[in-house]
Amino acid sequence: MTTEACRDWRGALGAAALGVIDPVEEIGLRAHLDGCASCRAELRDLTAVAHALAAVPVTDVIAAPAEPSGTLGPRVLARVAHERDARHKRHVRRVAAGVGALAAVAAVIVALILVVGGGNSAPPATSVAMAGVPGAHATARLRSQAAGTAIDVKVTGLDPHRYYWLWLTGDDDHRMPAGTFTGSVQPADIRLMAAVPLDEARRIWITDEHDKVVLDAPIPAPA
Amino acid sequence: MAEFHPALETDDGVRAVYAAHGPELYRFALRSLGDRGLAEEAVQETFVRAWRAADRFDDELGSLRTWLFAIVRNVVIDLSRARAVRPGLSVADSGADDAFFVDEAFDRVLTSWQVEEALRMLSEEHRAALVEVHYKGRAYSDVALGLGVPVGTVKSRVYYALKAMRLALEELGWTRDD
Chain A
7 MTTEACRDWR GALGAAALGV IDPVEEIGLR AHLDGCASCR AELRDLTAVA HALAAVPVTD
67 VIAAPAEPSG TLGPRVLARV AHERDARHKR HVRRVAAGVG ALAAVAAVIV ALILVVGGGN
127 SAPPATSVAM AGVPGAHATA RLRSQAAGTA IDVKVTGLDP HRYYWLWLTG DDDHRMPAGT
187 FTGSVQPADI RLMAAVPLDE ARRIWITDEH DKVVLDAPIP APA
Chain B
-17 MAEFHPALET DDGVRAVYAA HGPELYRFAL RSLGDRGLAE EAVQETFVRA WRAADRFDDE
43 LGSLRTWLFA IVRNVVIDLS RARAVRPGLS VADSGADDAF FVDEAFDRVL TSWQVEEALR
103 MLSEEHRAAL VEVHYKGRAY SDVALGLGVP VGTVKSRVYY ALKAMRLALE ELGWTRDD
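Going down the list, the protein sequences come from chains A and B. Residues in the first sequence are numbered consecutively from 7, following the numbering used here. Residues in the second sequence are numbered consecutively from -17, following the numbering used here.
Right, dumping it as structure tokens:
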């Protein structure tokens, strides 16, 4: 039970939990703790908190908190909106597929004939040259895969002290990240992947860490 | 069709959830991955997974924050594995069992993130008292002199700061070691 006397020992409890209590004060506090279960329990609680404080170095406490770049919020919004649209499209496709079931069966038969007949089964691919800031250049080969578009980029003339983002924009105007890479003055080969089907990809572009476009190219619509 | 959590079903909802939790998710991912670009990727992926699984979110089982942190934890593990970076550890710390390292590293990262966020939730007076006395190791009397307040006031602030820290830590899911 907390008493008037307990209130007088609060400052000492905090100091004891942090291990900085004055030795004389500690003698008095111990005498109080001997007869006060609630203050003993409180000291245990506060000491556990004090131990947890050690998990963060003083430099991190004093430093300004790390904040994400101002573009992260809009990018999160775009990614979720893209997911929402994609789900909507899939839903529409499912409805269309149900209506056209007979046509689908016919298509499967045609596809089987093509495969059996030695038709080309390699996944679609396309290549583009990217241009932008002076001195920088990239060529990208995009291949359609089940999970999206695989992108092999050969890039030259980017600052080796910075990192860059590669993006694809889909036909719904939402951008999807393929990932990040460090710049290189010499030609560098980068392999990344974006969750946009190749037949929906309309633009490939690279931004620096401040979200400024450095290289860019349209992707031709599939024939 | 599944019912989605209304907070993530509209652009305004996503914007509001990001404003409330985006920066703290980012700091957690940054602590774990040690790379700003990867941390931002982790936050984006967290929101996408949260949206996809929104029908499984149950308000009664926990807060939106707790749920988002369960997701970002998995995202960070996936990104760490994909990039062969152990959470909170350098690649050089190899040679031991992966699962053990991941769990231990996560506990450490999680506690440090909880402490950092809890410190941010304190009042300026309480935070300053803890920083001066605990982190900078200054004597109560020095701090009192610097602030122009009695020593008893500083002691009282440290006590209440620890009490407030406990509440804030518990709100962030912290559990005592003992």
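In this text, a Cβ means the ideal position worked out from N, Cα and C, and glycines have one as well.
Tell me, which residues are paired with residue i by DSSP?
| i | result |
| --- | --- |
| A200 of chain A | A:T155 |
| Y169 of chain A | A:T188 |
| T213 of chain A | A:W171 and A:V219 |
| H143 of chain A | A:T162 |
| M136 of chain A | A:A144 |
| M103 of chain B | M103 of chain B pairs with nothing; no bridge assigned. |
| G16 of chain B | BP columns for G16 of chain B are empty, so no partner. |
| S150 of chain A | A:T155 |
| G176 of chain A | A:A207 |
| A194 of chain A | A:V161 |
| R181 of chain A | A:T175 |
| P224 of chain A | A:R209 |
| A131 of chain A | A:R149 |
Taking 8 angstroms as the limit between beta carbons, can you name the residues of its chain near residue i, skipping five residues before and five after?
| i | result |
| --- | --- |
| A(-2) of chain B | A(-11) |
| L49 of chain A | L19, A22, A23 and L39 |
| R46 of chain A | L39 |
| D217 of chain A | S75, T77 and W171 |
| M199 of chain A | Q151, A153, G154, T155, A156, I157, A184 and G185 |
| E31 of chain A | A18 and A21 |
| Q192 of chain A | T162 |
| R168 of chain A | T188, G189, D214 and E215 |
Taking the alpha carbon of residue i as the point to measure from, which residue in the options has its own alpha carbon closest?
| i | options | result |
| --- | --- | --- |
| E178 of chain B | B:A143, B:E27 and B:I53 | Outside the displayed range of chain B (-17 to 160) lies residue 178 of chain B, so it cannot be described from this structure. |
| T188 of chain A | A:R181, A:H216 and A:I196 | A:I196 |
| Y8 of chain B | A:I157, A:L204, A:D28 and A:E73 | A:E73 |
| A2 of chain B | B:G19, B:D37 and B:S45 | B:S45 |
| E215 of chain A | A:Y170, A:R13 and A:E48 | A:Y170 |
| L19 of chain A | A:A11, A:P29, A:E10 and A:L35 | A:L35 |
| I27 of chain A | B:G119, B:F88, B:M147 and B:E99 | B:G119 |
| K95 of chain A | A:I225, A:E206, A:A223 and A:V220 | A:E206 |
| G128 of chain B | B:N56, B:A110, B:K145 and B:Y141 | B:A110 |
| R34 of chain B | A:A87, A:G41 and A:I68 | A:A87 |
| D14 of chain A | B:Y141, B:A11 and B:R55 | B:Y141 |
| G79 of chain A | B:Y117, B:E6, B:L101 and B:G155 | B:E6 |
| V161 of chain B | B:T48, B:W156 and B:G130 | This structure cannot settle anything about residue 161 of chain B, because the visible part of chain B is limited to -17 through 160. |
| L83 of chain A | B:L101, B:A21 and B:V(-4) | B:V(-4) |
| E22 of chain B | B:L112, B:V54, B:R139 and B:A87 | B:V54 |
| D17 of chain B | B:D124, B:V58 and B:R90 | B:V58 |
| E153 of chain B | B:A64, B:R47, B:R139 and B:A36 | B:R47 |
| Y0 of chain B | A:R85, A:A69, A:I68 and A:E31 | A:R85 |
| A69 of chain A | B:R158, B:V125 and B:V113 | B:V113 |
| L221 of chain A | A:A227, A:D179, A:V139 and A:P71 | A:V139 |
Please list, in chain order, all residues of the same chain as residue i whose beta carbon is under 7 angstroms from its beta carbon, the five residues on each side excluded.
| i | result |
| --- | --- |
| Y122 of chain B | V115, V133, V136 and K137 |
| S94 of chain B | R13 |
| A135 of chain A | T145 and A223 |
| A100 of chain B | M147, A150, L151 and L154 |
| A78 of chain B | Model confidence at A78 of chain B stands at a pLDDT of 42, short of 50, so the residue's coordinates are unreliable; what they give is reported in the following sentence. Result list for A78 of chain B: empty, nothing under 7 angstroms. |
To the nearest angstrom, report how far apart residue i and residue j are at their CA atoms.
| i | j | result |
| --- | --- | --- |
| L24 of chain A | S62 of chain B | 35 angstroms |
| A51 of chain B | T(-8) of chain B | Here residue 51 of chain B turns out to be Phe, not Ala, going by the sequence shown. Straight-line Cα distance between these residues: approximately 21 angstroms. |
| V159 of chain A | R93 of chain A | 29 angstroms |
| V121 of chain A | A131 of chain A | Here the model assigns V121 of chain A a pLDDT of 46, short of 50, so the residue's position is not dependable and the matter cannot be decided. |
| N126 of chain A | R209 of chain A | Per-residue confidence for N126 of chain A stands at a pLDDT of 49, beneath the threshold of 50, marking its modelled position as unreliable; the derived number appears in the next sentence. Cα-Cα distance, rounded: 26 angstroms. |
| V30 of chain B | M103 of chain B | 27 angstroms |
| T28 of chain B | N56 of chain B | 9 angstroms |
| R81 of chain A | R148 of chain B | 35 angstroms |
| G141 of chain A | R149 of chain A | 27 angstroms |
| P29 of chain A | A37 of chain A | 13 angstroms |
| L164 of chain A | W211 of chain A | 14 angstroms |
| V219 of chain A | H143 of chain A | 13 angstroms |
| V62 of chain A | D89 of chain B | 13 angstroms |
| E10 of chain A | C42 of chain A | 12 angstroms |
| P33 of chain A | D51 of chain A | Position check: residue 33 of chain A holds Ile in this sequence, whereas Pro was assumed. Between I33 of chain A and D51 of chain A, the C-alpha separation is close to 20 angstroms. |
| R139 of chain B | L151 of chain B | 18 angstroms |
| A112 of chain A | R90 of chain A | With a pLDDT of 49 at A112 of chain A, under the threshold of 50, the modelled position of this residue cannot be trusted; read the value that follows with caution. Distance between the alpha carbons of A112 of chain A and R90 of chain A is about 31 angstroms. |
| V202 of chain A | V25 of chain B | 19 angstroms |
| A194 of chain A | D37 of chain B | 43 angstroms |
| W173 of chain A | A137 of chain A | 14 angstroms |
| L92 of chain B | K145 of chain B | 20 angstroms |
| M182 of chain A | P166 of chain A | 24 angstroms |
| S133 of chain A | T175 of chain A | 16 angstroms |
| V131 of chain B | D179 of chain A | 59 angstroms |
Using a Cβ cut-off of 8 angstroms (strictly closer), state whether residue i contacts chain D.
| i | result |
| --- | --- |
| G79 of chain A | Looking for chain D here will not work: the only protein chains present are A and B. |
Once you ignore the five residues that flank residue i on each side, which residues in its own chain have a CB closer than 6 angstroms to its CB?
| i | result |
| --- | --- |
| G123 of chain A | Here G123 of chain A scores only 44 on pLDDT, less than 50, and its place in the model should not be relied on; the value that follows carries that caveat. So the list is empty, once near-sequence residues are dropped. |
| T53 of chain A | A23 |
| W49 of chain B | F39 |
| D177 of chain A | E206 and R208 |
| C12 of chain A | C45 |
- Which full runs of the beta strand (DSSP E) of 3+ residues lie inside the stretch 54 to 93 of chain A, going along the chain? none
- Kindly provide the ranges of any alpha helix (DSSP H) runs that are 4 or more residues long and lie completely inside the stretch 25 to 57 of chain A, ordered along the chain. 29 to 40
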